[in-house]
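Structure record follows, encoded as structure tokens.
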């Protein structure tokens, strides 16, 4: 009896989150119109439960049904996702209230998405990864279009859904070919069969690896499969965009790393070239296209594409430093991006124009603390010390140089210099350009404010005292390699 | 545990900045805010003086060293220390920050609190750059420093401030990211040679680096520093940044920030990559000499006072780089001395230009004239600073430039001759400017200009006193730096045959053989021997054909490889 129960242990974080999601859904169903219910806090409880479960599972390497594995790698990503979830919930509270969004559905969908992401991070079977991918994607399609009255939001959701479904088909096809080639969907078995097959490359291997690569590339919005990103990011409510950009990247890159660095590692010779080209294209296209954006959310969307490129560099390096860099980067990027979108969301609610970069003019004199927070997030995204973004980039470039890809690191640092141009453009607007018309901002809601300050504190912490988290990241990959 | 004086130099300004953020920011509290900032910066200055008094001038080692693990898994430590080269620059930073704050007393009225916060943060980062003994820590301070300076120029600057601020930021970043990669490369090299990552400067000083890596690492470092100096042709950000920055910004920019480029060459680029440094020194010197003459010529035709001083900086910093490239005692002593001189006299010039533009709200030379009769005390101070900038014997500028020319003459006489024309040209443009501003008839607009106020007396008095003191008693400042410079020169010489010219083929060979014999017995680790390129170079310098195996692994070491000749056995 005990043994069977313990085989379920790896599922515990997901179960906590899913339970909270179901509770939120039920609460919404029983709620009389106008009745106030603490549905958001319910989500916090679920996430905290998941965090506690992940803490207890640390270093125990539990496996459930031999398809979900709670190794330290998955648990680190789980923590990142829980952190992203907590911050997103806190930043959403005000948006939900103001936008008259259906609270129960909103929170339930967000929690289901997190559950899917956690499952994706821990799955060790291609079919389970696909299942998790669909769970999180479906929830996100709906979340993107949750502002049902807004045409842009609906359009974004529709685009996201179409392209997402398209990419899922690719991924599924890739699974089918991989199964046909190796006779299994379990990553460990694929790995051992692939090692035997790698000596005699066949067209089937190319097709299988290629289709899986395309499927993942869509999800992490790598160039040339990034087209959906700007539209989806721009149309979705800002809180959802922040959540999406941080959470999906973390979950998808976790699975990406598991599949390619572990199961398909024997085929490295076949995918490494494509991955390198993709990394370079993603960094440069993301950065250069972001330069010419006038809409803040589109600019941040392209910037997040570019950051996907740095993550691909870490992945392509395929050494211990690279995997650690991947984890640290996902954490830093997630928190920073959430913060930036949080500020964008706060400005949206004022009923003043806030879509364009020039609408940020004079924000400093109106609201110095908000401007300072935004500056911290932007500088961290740009990779300045003493913020977390610097350490993250440094880690990624160390991995690239150690793997011998010096040219890749050079492209990386140069694009990150270029990226400073568009991050600074917002800073210039906020600090150095007077506002066209005086704007009075309402006071920041305490919940959102606390979440933003917490994000900024984390960004500082990761930049100034990164040793502990770097240590965790290094511990997390030890079980994988 | 002794008092961590260097950490406190870095931390005290940050503490002051945090204190300022806690003060309520009503408009009426400007005075309080300014006073807090000033007191903090004066305390920091006092601390640097204390540091100087307790510094042991006979020792060449790093002193007051503090070392704490920071990111142990990558061998990154919080390691700080000071030697004779950085000591004086710390004192200079400590002196100029309160002066910069004081110069803004009446010209900055907008957002005073934020201004003071940024100046203090900048001071902290500058101190950090000069005390870092860990390359990673150094890079963090080096890059972090850009942020407050960017805001100082961008918010409180003049008309084209945004352009200048962004240009400043991008130029400096573009140079420094490649240095970051070189730093990473060094750490990974340390991993492969010694078995662990290290960013520790002292550990890396003693590490053999193969020639082709030295070549690229040196280029990456030198580019970052050349942009910061700024060396011709990377100087175009400087006039913009200087002209658009507020007086306080210009003072710090000219006084301290430009020194970081030359400091970086002395501290990092030359001793870390001695063979490459020797190879590149003539090229650096050529750029420096071009900069000396070009800067002077361009300064001559500037209608704007600030722009003139900015171009004169390009010229003066060229002297510093020339002295460093010479890599002999006089040259390097002169270079470091000239860094201090330039810090004092150019800051003085910017302060005085700031006073003039506070009064007249213009910086055009043509708008002034005949100030001598209107504001004689101001003009007297102006004269002292101008003469010191020209390099009049008896004032500070002379000592530095003389030593540099001496060093350069010993090394490459033609460079010294060309550079000397820069001194003549500097007399031309400075005196001509001085004459147009201060002599002649007083125009209507200038009649009512006031003379020095009490605050301005406090500003110019230390500058003028220093120009005289440094001109009369140079040994007071040179003595503490001499042992450290000697150590630096030994280090560069140990790794590269400095006194040898390329034509002296045979002598290179003899020397290389001598070093090899010494190195074989002492500090060569087995791992170091395994670098194929070095070994190939070595056998080449012995005049033997590489063995079959060596040829296979070391194909990249072609006989034409210029570094090969210089690496010798000393890598």
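Chains as they are written, first to last, in our numbering: chain P, 293 to 773; chain E, 0 to 570. Quick reminder that beta carbons are idealized off the backbone N, C-alpha and C, glycines included.
Residues sharing a beta bridge with residue i, DSSP
{"i": "residue 146 of chain E", "result": "Paired residue(s): none; residue 146 of chain E is not in a bridge."}
{"i": "residue 133 of chain E", "result": "E/199"}
{"i": "residue 363 of chain E", "result": "E/303"}
{"i": "residue 65 of chain E", "result": "E/79"}
{"i": "residue 648 of chain P", "result": "P/587"}
{"i": "residue 356 of chain P", "result": "P/360"}
{"i": "residue 417 of chain P", "result": "P/478"}
{"i": "residue 70 of chain E", "result": "E/75"}
Residues of its chain near residue i, where Cβ-Cβ distance is below 8 Å and the 5 sequence neighbours each way are ignored
{"i": "residue 463 of chain E", "result": "347, 380, 383, 384"}
{"i": "residue 188 of chain E", "result": "206, 208, 212"}
{"i": "residue 477 of chain P", "result": "417, 418, 419, 467, 470, 471"}
{"i": "residue 100 of chain E", "result": "33, 36, 37, 40, 115, 118, 247"}
Proximal residues to residue i (C-beta, below 7 Å), its chain only, five neighbours per side dropped
{"i": "residue 352 of chain E", "result": "304, 305, 308, 362"}
{"i": "residue 201 of chain E", "result": "132"}
{"i": "residue 7 of chain E", "result": "46"}
{"i": "residue 171 of chain E", "result": "145, 226, 227"}
{"i": "residue 61 of chain E", "result": "80, 81, 82, 132"}
{"i": "residue 487 of chain P", "result": "558"}
{"i": "residue 418 of chain E", "result": "288, 291, 318, 321, 404, 407"}
{"i": "residue 717 of chain P", "result": "649"}
{"i": "residue 243 of chain E", "result": "152, 156, 157, 159, 160, 163"}
{"i": "residue 316 of chain P", "result": "331, 334, 335, 396, 399, 400, 403"}
{"i": "residue 18 of chain E", "result": "35"}
{"i": "residue 414 of chain E", "result": "284, 288, 321, 407"}
{"i": "residue 52 of chain E", "result": "none"}
Inter-residue CB distance, residue i and residue j (contact presumed, cutoff 8 Å)
{"i": "residue 407 of chain E", "j": "residue 322 of chain E", "result": "7 Å"}
{"i": "residue 648 of chain P", "j": "residue 588 of chain P", "result": "7 Å"}
{"i": "residue 679 of chain P", "j": "residue 693 of chain P", "result": "That pair is no contact at about 22 Å."}
{"i": "residue 666 of chain P", "j": "residue 386 of chain P", "result": "In fact, because the Cβ distance is near 17 Å, the residues do not count as touching under 8 Å."}
{"i": "residue 97 of chain E", "j": "residue 117 of chain E", "result": "Their Cβ separation, rounded to whole angstroms, is 15 Å, which puts residue 97 of chain E and residue 117 of chain E out of contact at 8 Å."}
{"i": "residue 577 of chain E", "j": "residue 32 of chain E", "result": "A query on residue 577 of chain E cannot be resolved here, the shown segment of chain E reaching from 0 to 570 and no further."}
{"i": "residue 534 of chain P", "j": "residue 633 of chain P", "result": "3 Å"}
{"i": "residue 302 of chain P", "j": "residue 421 of chain P", "result": "15 Å between Cβ atoms; not a contact."}
{"i": "residue 268 of chain E", "j": "residue 217 of chain E", "result": "6 Å"}
{"i": "residue 272 of chain P", "j": "residue 637 of chain P", "result": "There is simply no residue 272 of chain P to check, as chain P begins at 293 and stops at 773 in what is shown."}
{"i": "residue 616 of chain P", "j": "residue 748 of chain P", "result": "Not a contact, Cβ separation roughly 24 Å."}
Beta-carbon proximity list for residue i, same chain, < 6 Å, skipping 5 on both sides
{"i": "residue 427 of chain P", "result": "408"}
{"i": "residue 248 of chain P", "result": "Given that chain P is displayed from residue 293 to residue 773, the structure contains no residue 248 of chain P and the question cannot be resolved."}
{"i": "residue 298 of chain E", "result": "307, 310, 311, 428"}
{"i": "residue 522 of chain P", "result": "590, 593"}
{"i": "residue 451 of chain E", "result": "376, 377"}
{"i": "residue 612 of chain E", "result": "The question about residue 612 of chain E has no answer here: the residues shown for chain E are numbered 0 through 570."}
{"i": "residue 522 of chain E", "result": "Any reading at residue 522 of chain E needs caution, since the residue's pLDDT is 41, under 50, leaving its predicted position unreliable; the model's value is listed next. So the list is empty, once near-sequence residues are dropped."}
(request) Could I get the ranges of all uninterrupted alpha helix (DSSP H) runs contained in the stretch 513-558 of chain P, with 4 residues as the minimum, in chain order? (result) 520-527, 530-549
(message) What ranges does the alpha helix (DSSP H) occupy inside the stretch 426-507 of chain E, keeping only unbroken runs of at least 4 residues that lie completely in it?
(response) 453-471, 473-494
(request) Take every Cβ of the stretch 463-473 of chain P, pair it with every Cβ of the stretch 436-446 of chain P, and state whether three or more of those distances are shorter than 8 Å. (result) no
(request) Give, in chain order, every unbroken run of the alpha helix (DSSP H) that is at least 4 residues long and sits entirely within the stretch 141-196 of chain E. (result) 145-155, 160-193
(message) Pairs of beta-carbons, one from the stretch 564-572 of chain P and one from the stretch 694-708 of chain P, closer than 8 Å: are there three or more?
(response) yes
(request) Spell out a yes or no on whether the stretch 87-104 of chain E and the stretch 115-126 of chain E are touching, meaning 3 or more CB-CB pairs, one atom from each, closer than 8 Å. (result) yes
(message) Using a Cβ distance threshold of 8 Å, determine whether the stretch 476-486 of chain P contacts the stretch 547-556 of chain P, with at least three qualifying pairs required.
(response) yes
(request) Kindly confirm or deny that the stretch 325-342 of chain E and the stretch 257-264 of chain E touch, where touching means at least three C-beta pairs closer than 8 Å. (result) yes
(request) Would you be able to state if there are at least three C-beta pairs under 8 Å between the stretch 175-182 of chain E and the stretch 133-140 of chain E? (result) yes
(request) Would you check if the stretch 355-368 of chain P and the stretch 718-730 of chain P touch, i.e. whether three or more CB-CB distances between them fall below 8 Å? (result) no
(request) Please list the segments of the alpha helix (DSSP H) lying wholly inside the stretch 422-509 of chain P, counting only runs of 4 or more residues, in order along the chain. (result) 443-474, 479-489
(message) Give the list of continuous alpha helix (DSSP H) stretches no shorter than 4 residues that lie fully inside the stretch 199-273 of chain E.
(response) 200-204, 210-227, 236-243, 246-251, 257-263
(message) My parser needs the alpha helix (DSSP H) runs of 4 or more residues fully inside the stretch 299-384 of chain P; what are they?
(response) 304-322, 331-349
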